[in-house]
Amino acid sequence: MDTDDYHDFQIQRYSEIDGISYTNNVLMDSKIFSWAELEGNKLKIKIVNDSYQSITLSFINDRYEIQDVDGITYVLIKPPPINYTSLSELKPGDSFEVLLDIPMNFWETIGQKDPQFSTKDFFAQFWKGQNHLHVTKERINFVKIVLNKRTTIILKPVPVND
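The numbers in our numbering rise by one with no breaks, and the one at position 139 of the sequence shown is 271.
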């Protein structure tokens with residue numbers, strides 16, 4: 133599904149028992165399932181392929197983004213290749229999970245450099261993930277997953293039940 137078509141995908145309701153009820157357009161393959169969950173400074177995504185075609189995967193070409201309610205897009209940081217996935221394709225019936233880092237606010241982190249740190253110590257602290265952006269469920273408009281520049285999956289927040 134193209135990002136321009138994501139407005140056609142509407143979640144009607146959600147419950148733990150019945151799952152999600154939604155409307156979609158013809159470009160959406162309802163046999164590809166995906167969901168995401170925020171876990172601190174990480175976003176855990178699971179993708180299940182119950183369609184009849186394989187989905188190609190590529191560490192280099194796979195891309196994960198969050199768009200917030202202000203229209204700002206954040207590219208999520210993939211784990212090192214050794215921790216990504218050994219699959220080159222997601223065959224029918226296969227699934228995989230990936231744990232992505234929420235990006236850091238680079239300029240704020242640089243601005244917080246302690247002059248007592250050596251450059252080496254500073255970069256070690258920076259790459260430990262200090263000063264992650266504070267992305268909350270309420271501020272996420274959608275998550276966009278692009279697998280090997282071919283397959284686009286859009287995830288929207290489930291509605292809050294009253």
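Even for Gly, the Cβ is constructed at its ideal location relative to N, Cα and C. Remember, predicted model here, so these are calculated numbers, not experimental data.
Open item on the list: So, with DSSP's three-state summary, where would you put Arg195?
Closed with: strand
Open item on the list: Within a Cβ cutoff of 8 Å, which residues of the same chain sit near Phe228, ignoring the five residues on either side of it in sequence?
Closed with: Lys178, Ile179, Leu189, Thr217, Leu219 and Leu222
- [ ] With Tyr184 as the anchor, note down where its alpha helix (DSSP H) starts and where it stops.
- [x] Taken as a continuous stretch (DSSP letters only), Tyr184 belongs to no alpha helix (DSSP H), as it is neither H nor E.
Task: Nearest to Ile174 (by Cα), restricted to the options Tyr206, Arg282, Lys288 and Thr283 - done: Going by the sequence as given, residue 174 is Lys instead of Ile. When only C-alpha atoms are compared, the closest one is Tyr206.
Open item on the list: Please tell me whether Ile164 and Ile285 are closer than 8 Å, where the distance is taken between their beta carbons.
Closed with: yes
TODO: Have a look at Met160 and Thr283 and give me their C-alpha separation to the nearest angstrom.
DONE: If you draw a straight line from the Cα of Met160 to the Cα of Thr283, it is about 11 Å long.
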